[in-house]
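Please read the structure below before turning to the comments.
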Amino acid sequence: MLSFADGWRRRAQSVRRRRSHRLALAIGAVAAVLLVAWVALASPLLAVSEVQASGSTEAVRSIAERVGGEQKGRSLLLVDTGAVEEEIESDSRVADATVRRGMPRSLVIEVVARVPVLALEKTKGQVELLDMTGVRIQTVKAAPAGVPVVKGGSGVGDEASVRAALHVLTVLPESLRAKVRNLRFDQTSSISFELSGTTIVWGGDERAELKARLVQILLTKKPKSIIVSAPDTPVTT
108 MLSFADGWRR
118 RAQSVRRRRS
128 HRLALAIGAV
138 AAVLLVAWVA
148 LASPLLAVSE
158 VQASGSTEAV
168 RSIAERVGGE
178 QKGRSLLLVD
188 TGAVEEEIES
198 DSRVADATVR
208 RGMPRSLVIE
218 VVARVPVLAL
228 EKTKGQVELL
238 DMTGVRIQTV
248 KAAPAGVPVV
258 KGGSGVGDEA
268 SVRAALHVLT
278 VLPESLRAKV
288 RNLRFDQTSS
298 ISFELSGTTI
308 VWGGDERAEL
318 KARLVQILLT
328 KKPKSIIVSA
338 PDTPVTT
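Given below as structure tokens:
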């Protein structure tokens with residue numbers, strides 16, 4: 108038969124064992140959390156080691172690779188994908204960028220390049236490329252094939268002229284848009300250009316949709332010139 112003292116000692120030992128067990132579990136849990144945090148945030152197991160960049164042009168792919176490459180060695184979980192997207196899109200050649208994590212160690216970047224639709228003739232034989240929204244993409248030595256060039260003259264490069272030229276391209280059918288050549292403005296901001304060998308005197312920016320329809324119809328006659336500056340009375344020669 109146990110004495111009171113023996114029973115007390117056994118209960119005390121049992122309490123100490125339970126406390127020790129709970130303490131061991133707590134220490135184990137903390138250690139597990141710290142291990143997981145280290146693996147996620149500091150371990151090379153999740154550090155960015157590869158940038159997978161895809162894009163519609165080599166230029167924008169290079170931009171994505173350069174910006175994404177700055178994240179190499181950083182934990183994939185710590186990469187601010189939104190900030191990377193913003194930095195890529197800060198380049199005027201980029202229309203849109205999407206960045207996502209490719210577990211366990213890849214940064215996947217998809218980039219869409221701005222598409223030039225108009226070029227402004229500059230000095231020293233260079234042209235400035237614009238997209239359909241009027242964003243000035245870059246200055247190059249020559250316009251890509253199919254991109255009309257606004258030739259030197261009054262108004263070239265000012266915002267009103269640029270908007271008018273872009274409006275012309277917007278309302279023309281895609282089949283004709285790529286054939287526009289030698290787009291010009293005169294001193295009154297009247298627009299003219301060549302289209303499949305025919306000189307088009309467009310005039311001002313007003314009633315552009317009607318002018319586009321008239322040009323499309325009258326081109327079938329293959330005239331030397333089409334004058335739609337007064338679209339109610341179009342003239343061909």
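Quick note on numbering: the sequence shown equals residues 108 to 344 in our numbering.
Even glycine gets a Cβ: it sits at the ideal position worked out from N, Cα and C.
Quiz item: In the region 231-304, which residue ranges form an unbroken beta strand (DSSP E) of at least 3 residues, counting only runs that do not cross its ends?
Solution: 234-237, 243-247, 287-292 and 298-302
Quiz item: Which one of V174, K179, L225 and S282 has the shortest CA to CA distance from L290?
Solution: Here residue 290 corresponds to residue number 183 of the sequence shown, with the count starting at 1. Selected option, being the one with the closest Cα: L225.
Exercise. Note down, in chain order, each residue of its chain lying with its Cβ closer than 7 Å to the Cβ of K286, except the 5 sequence neighbours on either side.
Key: As a first step, residue 286 must be located in the sequence shown, where it is residue number 179. Counting only Cβ-Cβ distances below 7 Å, and skipping sequence neighbours, we find L302 and S303.
Quiz item: Considering only C-alpha positions, which residue in the set K258, I216, V247 and A202 is nearest to M239?
Solution: For this step, residue 239 is matched to residue 132 along the sequence shown. Ranking K258, I216, V247 and A202 by Cα distance to M239 puts A202 first.
Quiz item: Just how far apart, CA to CA, sit T277 and A271?
Solution: In the sequence shown, residue 277 corresponds to position 170, counting from 1. In the sequence shown, residue 271 corresponds to position 164, counting from 1. So the two alpha carbons sit approximately 10 Å from each other.
Self-check item: Cβ neighbours of G361 in the same chain (closer than 8 Å, five flanking residues each side left out)
Solution: The structure shown has nothing for residue 361, since the chain only spans 108 to 344.
Practice problem: Measuring alpha carbon to alpha carbon, tell me which of G311, E313 and T343 ends up nearest Q323. | Solution: Looking up residue 323 in the sequence shown gives position 216. Checking every option, the nearest Cα to that of Q323 belongs to T343.
Exercise. Could you work out which residue in V222, S213 and L183 is closest to T164 when comparing CA atoms only?
Key: Taking the first residue of the sequence shown as position 1, residue 164 is located at position 57. Per the Cα distances, V222.
Quiz item: Can you give the Cα-Cα distance for R284 and V167, rounded to whole angstroms?
Solution: What you label residue 284 is simply residue 177 of the sequence shown in a count that begins at 1. What you label residue 167 is simply residue 60 of the sequence shown in a count that begins at 1. So the alpha carbons of these two residues sit roughly 25 Å apart.
Quiz item: Could you give the distance in angstroms between the alpha-carbon of Q233 and the alpha-carbon of D312?
Solution: The residue you call residue 233 lines up with position 126 of the sequence shown. The residue you call residue 312 lines up with position 205 of the sequence shown. C-alpha separation (whole angstroms): 26 Å.
Practice problem: Measure the C-alpha to C-alpha separation of A249 and R208 and round it to an integer number of angstroms. | Solution: What you label residue 249 is simply residue 142 of the sequence shown in a count that begins at 1. What you label residue 208 is simply residue 101 of the sequence shown in a count that begins at 1. Straight-line Cα distance between these residues: approximately 38 Å.
Exercise. Please name the residue in R320, R288, V308 and G189 whose C-alpha comes closest to that of A346.
Key: Any property of residue 346 remains undetermined from this structure, which presents the chain solely from 108 to 344.
Quiz prompt | Where L325 falls, given that 16 or more other Cβ within 10 Å makes a residue buried | solution = In the sequence shown, the residue the question calls residue 325 occupies position 218. That one is buried.
Quiz item: Considering only the beta carbon of each residue, do S268 and S296 sit closer than 8 Å?
Solution: Here the question's residue 268 lines up with position 161 in the sequence shown. Here the question's residue 296 lines up with position 189 in the sequence shown. In this structure, S296 lies closer than 8 Å to S268 by Cβ.
Practice problem: Taking 8 Å as the cut-off, decide whether the C-beta atoms of V186 and V155 are in contact. | Solution: Here residue 186 refers to the residue found at position 79 when the sequence shown is read from its first residue. Here residue 155 refers to the residue found at position 48 when the sequence shown is read from its first residue. Yes.
Quiz item: What are the start and end residues of the alpha helix (DSSP H) that includes A166?
Solution: To locate residue 166, count along the sequence shown from 1; it is residue 59. Note, A166: alpha helix (DSSP H), E165 to G176.
Practice problem: Within the same chain, show all residues whose beta-carbon is closer than 8 Å to that of L237, passing over the 5 residues directly before and after it, in chain order. | Solution: Taking the sequence shown and counting its residues from 1, one reaches residue 237 at position 130. Same-chain partners within the cutoff: P223, V224, L225, A226, L227, R243, I244, V269 and L273.
Quiz item: Where does E217 sit, in a helix, a strand or coil, going by DSSP?
Solution: Stepping through the sequence shown from its first residue, residue 217 is reached at position 110. Strand.
Quiz item: Looking only at its own chain, which residues have a Cβ that is under 7 Å from the Cβ of L317, when we skip the five neighbours before and after it?
Solution: Here the question's residue 317 lines up with position 210 in the sequence shown. Same-chain partners within the cutoff: P338.
Quiz item: How long is the line joining the alpha carbons of E266 and G189, rounded to whole angstroms?
Solution: By 1-based counting over the sequence shown, the position of residue 266 is 159. By 1-based counting over the sequence shown, the position of residue 189 is 82. The alpha-carbon atoms of E266 and G189 are separated by roughly 32 Å.
Quiz item: Using the C-alpha atoms, what's the distance from A319 back to W309?
Solution: In the sequence shown, residue 309 corresponds to position 202, counting from 1. In the sequence shown, residue 319 corresponds to position 212, counting from 1. Going by the C-alpha atoms only, they are around 9 Å apart.
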